[in-house]
Amino acid sequence: MPIKYQVNWGSIERVNITKETEKCVFIDGRRFMKNSHHMSFYDTWEEAHADLLADAEQRLKRARTQLKQAQGHYGNIKGMKKEAI
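Residue numbers for the sequence shown follow my numbering, so the first one is 266 and each next one is one higher.
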């Protein structure tokens with residue numbers, strides 16, 4: 266049976282497929298899309314790893330952006346002065 270590497274929620278698993286089309290793979294008679302939101306299949310471990318790494322880099326970039334926004338918000342709150350009445 267042909268081998269594929271499945272990326273699923275941050276892990277890589279080696280799987281035996283029984284059939285493959287342009288957009289799907291079949292494992293034990295069950296059909297899976299090659300690329301979906303939660304799962305992808307690759308011909309090599311290196312391709313699967315590159316996909317995971319790219320996803321991790323995007324998540325890190327978003328987290329850094331959120332941290333900068335939170336730090337700015339914190340600075341604005343900390344810098345507030347009580348208005349004279």
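Even glycine gets a Cβ: it sits at the ideal position worked out from N, Cα and C.
For this session: Tell me, please, whether the region 295-305 touches the region 270-284 by the rule of three or more beta-carbon pairs shorter than 8 Å.
Result: yes
Exercise. For the beta strand (DSSP E) that contains K343, what are its first and last residues?
Worked result: Where K343 is concerned, there is no enclosing beta strand (DSSP E), although the alpha helix (DSSP H) it sits in stretches over W310 to K343.
For this session: Helix, strand or coil for E285, going by three-state DSSP, please let me know.
Result: E285: strand per DSSP, three-state reduction.
Problem set entry | Residue burial classification, A313 (beta-carbon count within 10 angstroms, cutoff 16) | buried
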